[in-house]
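Participant: Using our numbering, the letters of the sequence shown map in sequence onto residues 1104 to 1294. Below are the structure tokens for one structure; questions will follow.
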Amino acid sequence: MRRISAVALLIVLLGLPIPTASRAGEQTGIPPETVANYLHAVIEADRTFYTIHVVERMQKGGGVAAAENWRATKNTLPLPAQFLMESSALSAMTGTPVRYRLISLWPINPLNVPRSAAEKAGLESLRTHPERVVTGTVTQGNDTYFQAIYADRAVSQSCVGCHNTHPQSAKKDFKLNEAMGGLVIEIPMGR
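See below:
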């Protein structure tokens, strides 16, 4: 039985045209910008739900707290950024070629720094225009990816409080709904 990727399943469930080869040898079907927007909507919804209805609810109710060392400490939850990182890693283990990660000009986790001048410029653009998506292509080895960077906003007061008080945070004056960084989604373009 063939394995169906999450994106292919989404395409089928939504009744969208499945990419096929045209007579000229070019790919037709859903543009990578549209696929990235679909993925962003799902990732953002899952992370926002987790942040507000799990982490924040547990903290307000005196229940289990979220902590950086959640793997080593009993009765703790992953932080929302760790939730995203873990879901990305799980997605990669399924063989899905789509990649996603957080980046910031003020990362608490050193792994979340921009990896290129283009990513840094994208974050600068999102600071002034968080409603816009920054897109382009990146090459890694022989592979080319469509890259989209979306503003990663502080969706709850717990996001703001954590980042503003964290000892490793380089920025201590975040506000609710402010762009704290970016969510990078990369989709392979083929050769």
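Yeah, the Cβ is synthetic: ideal placement off N, Cα and C, and Gly gets one too.
Can you have a look at A1124 and say buried or exposed, based on whether 16 or more other CB atoms are within 10 angstroms of its CB?
Facilitator: Looking up residue 1124 in the sequence shown gives position 21. Per-residue confidence for A1124 stands at a pLDDT of 45, beneath the threshold of 50, marking its modelled position as unreliable; the derived number appears in the next sentence. Exposed, by the Cβ-count rule.
Participant: Hey, S1261 and Q1162: beta-carbon distance below 8 Å or not?
Facilitator: Position 158 of the sequence shown holds residue 1261. Position 59 of the sequence shown holds residue 1162. It is a contact, given that the beta carbons lie within the stated cut-off.
Participant: For A1169 versus L1182, is the C-beta distance shorter than 8 Å?
Facilitator: For the purposes of this step, residue 1169 is taken as residue 66 along the sequence shown, with counting starting at 1. For the purposes of this step, residue 1182 is taken as residue 79 along the sequence shown, with counting starting at 1. Against a cut-off of 8 Å, the Cβ pair of L1182 and A1169 comes out as a contact.
Participant: Which partner residues of Q1250 appear in the DSSP bridge assignment?
Facilitator: The sequence position of residue 1250 within the sequence shown is 147, counting from 1. Partner(s): G1239 and E1289.
Participant: Would a C-beta distance cut-off of 8 Å place K1274 and W1209 closer than the cut-off?
Facilitator: Along the sequence shown, read from residue 1 onward, the residue named residue 1274 stands at position 171. Along the sequence shown, read from residue 1 onward, the residue named residue 1209 stands at position 106. Their beta carbons are under 8 Å apart, which means K1274 touches W1209 by this criterion.
Participant: Quick check on DSSP: helix, strand or coil for K1278?
Facilitator: Counting from 1 along the sequence shown, the entry for residue 1278 is found at position 175. Reduced to three states, the DSSP call for K1278 is coil.
Participant: Less than 8 Å between the C-beta atoms of A1184 and L1205, yes or no?
Facilitator: Residue numbering aside, residue 1184 sits at position 81 when the sequence shown is read from its first letter. Residue numbering aside, residue 1205 sits at position 102 when the sequence shown is read from its first letter. Their beta carbons are under 8 Å apart, which means A1184 touches L1205 by this criterion.
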